[in-house]
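These protein sequence lines are chains A and B, in that order.
Residue 198 in my numbering sits at position 198 of the first sequence; the count goes up by one each step and never skips.
Numbering-wise, my numbering comes out as the position in the second sequence, counting from 1, plus 1000.
C-beta: ideal position from N, C-alpha, C; glycine also.
Contents: one structure, followed by commentary.
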Amino acid sequence: MSNGSKVSTGREPLIRIVKREYNNKLIPGLIRAGALILSIIAGGLFIWAMGFNPFEAYKSIIRGALVGSARDPMSSIRSTIDIFVPLCVTALGLSCAFKMKFWNIGGEGQIIMGGVFATFFALNYPQIPRPLMLLIMLIAGAVGGALMALIPALFKVKFGTNETLFTLMLNYIAIYIVKYLIAGPWQRTPGFASIGKLDKNTYLYEINRQNIGWIAVIIVVLFVYFYLYKTKSGYEVSVVGESQATARYAGMNIRKIIIKTMLISGAICGIVGMIKVSSNHTLTEGIGGGVGFAAITVAWLSQLNPFIIPIVSAIISILQKGSTVMQMNMGISSYAADVLQGIILFCFLGSEFFVRYSLVFNLRIKEAK
Amino acid sequence: MKKSVRIIALILALATVFALVGCGKQTGGEGETQDTTLAEGQTFAPIPADKIKIGVVHITSKDDTSGYTYAHQKGIEEMAAALGLKSEQIVIRDNVDDNDVEATKAALQDLVDAGCDVIFATSYNYMDAVEEYAEKYPDIIFSHCSGYKSNGKNFNNYFGRIYEARYLSGIAAGLKAKELGVPIVGFVGAKGSDNSEVTGGINAFALGVQSVYPECEVLVKITGEWYDPAAEGIAAKALIDAGAVVLSQHCDSDTVQTTAAQAGRFGVGYNSDMTPSAPNNHLTAPIWNWGVYYTQTVEAIIKGEWKCENYYEGYNVNLVGLSPLNEKAIAHGTKEAVEEAQKKIASGELFVFSGPLYDNQGNQILKEGEKLTDEQITGEINYYIKGVRVL
C-alpha cells in the first residue's frame, strides 16, 4: 500500500500508552486534584448550558446534603448517612474479593439475599425479643449473602467458570426471587406486591433518630483492615491476587482461600441487606437499589484501601443526596442530576487512568531517540 | 454574693426561654405550622397563599407527555394557576420508584426538608412510607392517591370513580366493534383479578360495551406491572391475534394504542388523551381531572378548613371524564350515546354496578335492584363479569 520509508513511521502508533513511574510522589495527588477541579468545571458548564446558575447549584448540593430545614436541622445529614452506610459497607465487602482479583460483581445479589434471609426471621418469628431478633437477623443476613457468594466461588474452583459473568447473572436471579416472594408467599395484601410493614421489634435501634447502621461501618472497616493486612489469611489473599502460580508454589490452598474470601465478601454484603430491611422496615424489590454496582466504583476509587473507602463513600453519598435536593429546588429534571453525578464520577475514574499511565505522542518518542 | 449568682442564673434562664420562643416565631414566620399536638378531627391553622409550599412525589417524570404522572402533574399545575401560586411554592420529586421504599422515604424527607406544608404522593406503593412520615411529622398534611390508608389526623387518601368513565369508554368501543361487525374487544390490564381497581375497571368497561353491543366479548390480557411498555406491547399483539378490533387498557404507557394503530385496529387509552399517539385510531380515553381535587384541597388548607377525610368522587364533580371523542375514529352515533349515558351517571340515574350482575363463572353477584357499595368497588371486585374472558 505504501512505500518503505512510510512503513517505518506507520509502525509506531500516533499515541502510545506508557506506564508511569514516579520520582515525585506529589504528582498522583496533583492529577486527582486536577480531576476534581475539571469535574466541577465540566459539571458547572452542564448546569449553565441548561440555563441555571452553577454556583447556586453547587451551593444547593452541599446544603442539601448537610444542612436540614428549620423544622429538623439534622434530617439531611441523616439521609446522607442512610446512603453512606450501605455504600461503604458493600464497598468494603467487595474490596476483600477484589484484593484477590476475584471480580465479585454480585454485591447487589448478595445484599438482596442477605435481606431475604433476614426478612424470613422477621416475618415468621415476630415474637422474638428485639435485641435477639436483631442479632438473628444480622446472622441470617450474613449467611444469606455468604451463600449467594459461595455459588460462584464453588464453580470457580471446581470448573474455572468466569466469576464476573456468574456473579453478575446471580444478581438477576436474586431480584426475581424477591419479586416472587413479595408477590407470592410473603404477600400481605392481595393484588399488591408488598410484604407490608414488619413488626416493630425488627427495627434497628435509633440514636437521635439515626439508625445505628453506621456502627457496622466502623466494625467492618477495622475487620477488613486487620483481616487483609494483619493476618496470614489476608496475606494469602493478596498473594493469590498477585499470582496464583506463586501462591501454589508457596504451598497455599488456593481453592480454600478463594472460597473463604468469597464467603467473607458475601457475608459483609449480606449484612447490608439486613441493615436495609431493618431500617426500611420492609423488603421490596428495590432493596439493592444499585448499591452493589456503585460500591464497585467506590472500591476502585479507594484503591481497595479500607480507610479510604469511607471517605470516597462519604463524598459520593453527599453528591447523591445533594444533587437530588438541588434538582428539586431548582426544578431541573431529575435525569440532569444523574448526568451531573455521571460527569463528576467520569472525571474521577478517568484521572485514575492518568495516575497509572501517561500518553506519549509519536513526536516525543522520536525526539527521545 | 450568692444572691447575685441566683439573679444571673434567673436572667440566663429567662434569656433561654426568650431565645426558644424567638426560634419558634422565626420558623413560624416561614409558613410552618408549629402545632404538633393535633387531636382527631381538629383542623390545621390557615396558611397564607403566598407562603404555602406544596410537595409532590411522582412515579415517573414530571415532564411526561401522556399517562399517569402527566395527569397528576397537569392537575398540580392547574391548581397552582387557579390559586395563583408561584413556581417555587411547588416542590416536585419525580422518577421515584414506588417499589423502592428507601427512595420513597428519601423523597418524602427531601420534601419535608424543603419546608412543604402538604405532600401529595401519587402512587399506590408509596402508602406505607407516607403513613410512617405522617406519624413522624404530624404538622404536615400527607395525601396519598389510590391506596386505602389514612390516620384521621394528617394523612388521607384520594381516588375517584374512574369506572364511570370506563363505562362510557366501553360504549365508544362497543359501538366501534359493532360498526366493524366483529364482536371482540380487548383489554390490557396491569394487574390480575386479585386487584379490585383494575378488575372493576375491566368490568365497568365490559358493561359499557355490552350496553350497546350485548353479544360482544371482552378479552383480557394481564401484564403484571403498572408500567412496562414492552409487556404492554406483547399483550396488545396477543389480543390483536385473538381478533380484538378495539383495544382498551389499564396500564401507564401508550404502547397499547400505538400497537393497535400499527395493526389497523382501534383503541381506548387511559389517564390522558392518547389521540396524539394514535391520531387515526384512538377513540377516546377515560381521564382524570386531578386539578379538581388538588385545587379544592389546597384551597381548604390555605383557609384552614382542611379536614382529614378520604376523597372518592367521580362525574358528579368532574374528577373523571373522557378525553374528546376522536372524530376520525369513532363510530357513527357515539357522541350521542356517550353524552346520554354521561348525563345519567352525573345525575345518579345510572349506577354502573347495578344488578342483575353475573360473573363469568355463572354465579350471580347482584340481584335485580342491588348495587355494589363503595367498599366492594374499591376492594372486593375479584371476579370478571359475564362476557369477559382472560387469555
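- Neighbourhood of B/Ile1385 in chain A, by CB distance below 8 angstroms: empty, with the nearest CB roughly 18 angstroms away.
- For A/Pro190, the chain B residues whose Cβ falls inside 7 angstroms of its Cβ are Asp1194, in order along the chain.
- A Cβ of chain A is located within less than 7 angstroms of the beta carbon of B/Glu1102.
- Within the stretch 1057-1090 of chain B, those residues whose Cβ lies closer than 9 angstroms to any Cβ of chain A are, in chain order, Ser1061, Lys1062, Asp1063, Ser1087, Glu1088 and Ile1090.
- Rounded to the nearest angstrom, the gap between the Cα atoms of B/His1282 and B/Asn1289 is 19 angstroms.
- Sorting B/Asn1316, B/Asn1326 and B/Asp1050 by C-alpha distance to the C-alpha of B/Gln1342 places B/Asn1316 at the top.
- Annotated three-state conformation of B/Asp1194 is coil, per DSSP.
- Interface criterion met: the Cβ of A/Met328 is under 7 angstroms from a Cβ in chain B.
- Apart from sequence neighbours up to five positions away, the residues of its chain that approach A/Ile212 with a beta-carbon distance below 8 angstroms are Leu204, Tyr205 and Glu206, ordered along the chain.
- Distances from the alpha-carbon of B/Glu1327 to those of B/Gly1321, B/Ala1278 and B/Tyr1294 put B/Ala1278 closest.
- In the DSSP assignment, no residue is bridged to B/Asp1050.
- Within 7 angstroms of the CB of B/Ile1287, no CB atom of chain A is found; the nearest one sits about 23 angstroms away.
- The C-beta of B/Ile1059 has 16 or more other C-beta atoms within 10 Å across all chains shown, which makes the residue buried.
- When secondary structure is reduced to three states using DSSP, B/Lys1307 falls in the coil class, being assigned neither helix nor strand.
- For B/Asn1157, the closest Cβ of chain A is not nearer than 7 angstroms.
- Nearest in C-alpha terms to B/Ser1354, of all of B/Phe1155, B/Glu1164, B/Thr1297 and B/Asn1151, is B/Glu1164.
- Cβ proximity to chain B below 9 angstroms picks out Lys276, Ser279, Asn280, His281 and Thr282 from the stretch 259-282 of chain A.
- With distances taken between CA atoms, B/Phe1155 lies nearest to B/Ile1141 out of B/Ile1141, B/Gly1147, B/Leu1391 and B/Ile1092.
- Each residue's CA atom was taken as its position, placing B/Pro1286 and B/Ala1080 some 24 angstroms apart.
- The Cβ of A/Thr284 sits closer than 7 angstroms to at least one Cβ of chain B.
- Taking all protein chains shown into account, A/Lys99 has 16 or more neighbouring C-beta atoms within 10 Å of its C-beta and is therefore buried.
- In this structure, B/Leu1391 is the residue among B/Leu1391, B/Ala1082, B/Asp1128 and B/Lys1062 with its C-alpha nearest to the C-alpha of B/Ile1234.
- By the C-beta criterion, the stretch 1204-1217 of chain B is judged not to be in contact with the stretch 1137-1152 of chain B, since fewer than 3 inter-stretch pairs fall below 8 angstroms.
- By the Cβ rule, the stretch 1209-1223 of chain B does not count as touching the stretch 1261-1276 of chain B, because fewer than three pairs are nearer than 8 angstroms.
- Distance from the Cα of A/Met169 is smallest, within the candidate group A/Leu345, A/Val339, A/Trp103 and A/Ile27, for A/Trp103.
- Counting only the Cα atoms, A/Ile41 lies some 16 angstroms from A/Ser323.
- DSSP places B/Phe1044 outside both helix and strand once states are collapsed to three, so it counts as coil.
- For A/Leu147, the uninterrupted alpha helix (DSSP H) segment begins and ends at Arg130 to Phe159.
- Put simply, the CB of A/Gly241 is far from chain B, with every gap to its CB atoms at 7 angstroms or more.
- Contact note: A/Thr324 reaches chain B through Arg1093, Ala1106, Ala1107 and Asp1110, using a C-beta cutoff of 9 angstroms and chain order.
- Taking 8 angstroms as the upper bound on Cβ-Cβ separation, chain B lies near residues Ala193, Ser194, Gly196 and Lys197 of the stretch 193-209 of chain A.
- In this structure A/Thr90 is buried. Its beta-carbon is surrounded by 16 or more other beta-carbon atoms within 10 angstroms.
- In this structure B/Val1182 touches B/Val1245 by the C-beta definition: roughly 5 angstroms separates them, less than 8 angstroms.
- Judged by their CB atoms, A/Gln327 and A/Ser317 are not nearer to each other than the 7 angstroms cut-off.
- DSSP places A/Glu56 in the uninterrupted alpha helix (DSSP H) bounded by Pro54 to Leu66.
- Nearest in C-alpha terms to B/Ala1236, of all of B/Tyr1270, B/Thr1258 and B/Ala1114, is B/Thr1258.
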